[in-house]
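In the numbering used here, the protein residues as written are 96 to 496. Note that beta-carbon positions come from the ideal geometry of N, C-alpha and C, so glycine has one too. Structure record follows, encoded as structure tokens.
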Ligand code: SF4
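Right under this line is the structure:
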């Protein structure tokens with residue numbers, strides 16, 4: 096048996112953590128076409144009785160294709176879905192086919208530390224962790240008890256590992272993989288403020304840089320938390336803002352006021368060098384003027400602003416497992432193409448300001464020179480294609496994918 100992570104351009108620098116737990120549990124090798132897409136379809140070179148495919152909402156079509164081509168080449172083999180350990184990663188739900196391999200163990204300290212040596216992308220992953228180009232992903236908790244209506248992570252039981260267990264994983268990753276930094280990729284990292292402070296105290300001696308890139312709750316963040324995070328090496332924190340309009344925050348069941356969010360941003364900015372806000376354009380009840388006001392709010396507070404677009408979920412009758420479908424439609428007042436372009440350009444300008452301020456392109460060049468000798472042939476091929484794609488998008492659209 097072996098496992099596959101299908102190729103995709105989404106979060107290419109973040110390995111599939113649910114799959115890493117499953118592979119570690121079964122001690123099974125992974126063909127990781129996600130982090131290392133080249134050579135393409137190399138899984139066809141391995142014959143196995145059973146192949147487990149870890150599918151997310153955005154790789155569902157690619158997973159079907161994998162099943163088709165693999166079954167054609169090896170008609171006696173079974174290609175099944177692989178789920179469990181995590182149900183959602185970075186807001187993207189895992190998807191199951193009927194009769195796949197499932198794991199029911201609830202998220203806890205009982206999970207193994209992921210053994211990335213089982214991934215065939217390991218050499219490339221480790222080189223990028225060692226140079227500090229990529230951050231090691233860690234999930235300290237899973238689930239979110241809040242009900243923000245646009246979010247795939249909502250209304251799920253919050254299950255947390257102990258601060259000590261998370262710190263042990265990071266110490267292990269530093270010793271074993273030479274990591275220089277990590278990203279907390281929880282759905283809602285700071286539900287328990289005491290656990291956050293304890294986590295900060297425990298990881299401080301490791302001397303790692305880290306970020307909370309998925310957005311944390313503003314109403315559970317305060318000056319003490321900001322201080323503790325900064326002292327423990329946190330250089331970047333993000334908040335789910337969604338909109339600056341009080342009526343929209345209420346309509347989407349955010350459970351926070353814009354005043355609370357603003358206070359959290361101000362506290363974070365006092366201590367943590369980089370502060371981001373995540374916004375959603377086109378939320379129910381939104382209008383062109385309200386979306387514009389959110390952009391102005393981000394500008395006024397001087398935060399890195401990331402904008403997504405609200406895409407209503409498919410209704411439950413269509414499984415509810417993906418974001419898109421024939422029954423989806425606009426949830427806000429539709430506005431003209433010219434106005435959509437204006438919003439897009441404004442959000443792009445906000446991002447661009449930070450890209451140039453951080454010298455991202457020279458940094459990528461330095462990391463590449465450091466990492467190249469360690470990548471191996473497949474890693475060099477993948478890295479070259481990534482660089483070309485990113486460079487091309489930057490030159491033609493003025494932003495990084
Ligand atoms: S608080 Fe964050 S993770 Fe939780 S439902 Fe809202 S947006 Fe999703």
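Handout entry: For residue 306, the first and last residue of its enclosing beta strand (DSSP E)
Key = 304-311
Problem - Buried/exposed call for residue 410, threshold 16 Cβ in 10 Å - result: Caution applies to residue 410, whose pLDDT of 45 falls short of 50 and renders its modelled position unreliable; the model cannot decide the point.
Exercise for the section: Assign residue 247 to one of three DSSP states: helix, strand, or coil. Expected result: coil
Problem - Close Cβ partners of residue 231 (< 6 Å) along its chain, the five nearest in sequence each way excluded - result: 224, 268, 274 and 277
Handout entry: Neighbourhood of residue 389 by C-beta, 6 Å cutoff - its chain only, sequence neighbours within 5 removed
Key = 338, 339 and 374
Exercise for the section: Look up residue 431 in the DSSP assignment and say whether it is helix, strand or coil. Expected result: coil
Problem - Contact check, residue 195 vs residue 178, beta carbons under 8 Å - result: yes
Exercise for the section: List the residues that DSSP assigns as beta-bridge partners of residue 93. Expected result: There is simply no residue 93 to check, as the chain begins at 96 and stops at 496 in what is shown.
Handout entry: Cβ-based neighbour list, residue 430, same chain, cut-off 6 Å, excluding 5 preceding and 5 following
Key = 383
Exercise for the section: Indicate the three-state DSSP secondary structure (helix, strand or coil) for residue 88 in the structure shown. Expected result: Given that the chain is displayed from residue 96 to residue 496, the structure contains no residue 88 and the question cannot be resolved.
Practice task
Look at the Cβ atom of residue 144, then the Cβ atom of residue 167, and state whether they are nearer than 8 Å.
Solution key: no
Handout entry: Straight-line gap, residue 102 to residue 130 (C-alpha atoms, nearest Å)
Key = 8 Å
Problem - Inter-residue CB distance, residue 185 and residue 106 (contact presumed, cutoff 8 Å) - result: 6 Å
Practice task
For residue 402, I'd like the list of residues in its chain whose CB is within less than 6 Å of its CB, leaving aside the five on either flank, ordered along the chain.
Solution key: 374, 376 and 442
Practice task
Indicate, with yes or no, if ligand 1 has a heavy atom lying under 7 Å from the CB of residue 335.
Solution key: yes
Practice task
Just tell me which of 264, 263, 188 and 197 has its CA closest to the CA of residue 238.
Solution key: 188
Exercise for the section: Please name the residue in 493, 108 and 210 whose C-alpha comes closest to that of residue 128. Expected result: 108
Practice task
For my contact list, residue 477 and residue 132 are in at a C-beta cut-off of 8 Å; report their separation, rounded to the angstrom.
Solution key: 6 Å
Exercise for the section: Report yes if the C-beta of residue 310 is less than 7 Å from at least one heavy atom of ligand 1; otherwise report no. Expected result: yes
Problem - 8 Å Cβ cutoff met for residue 310 and residue 350 - result: no
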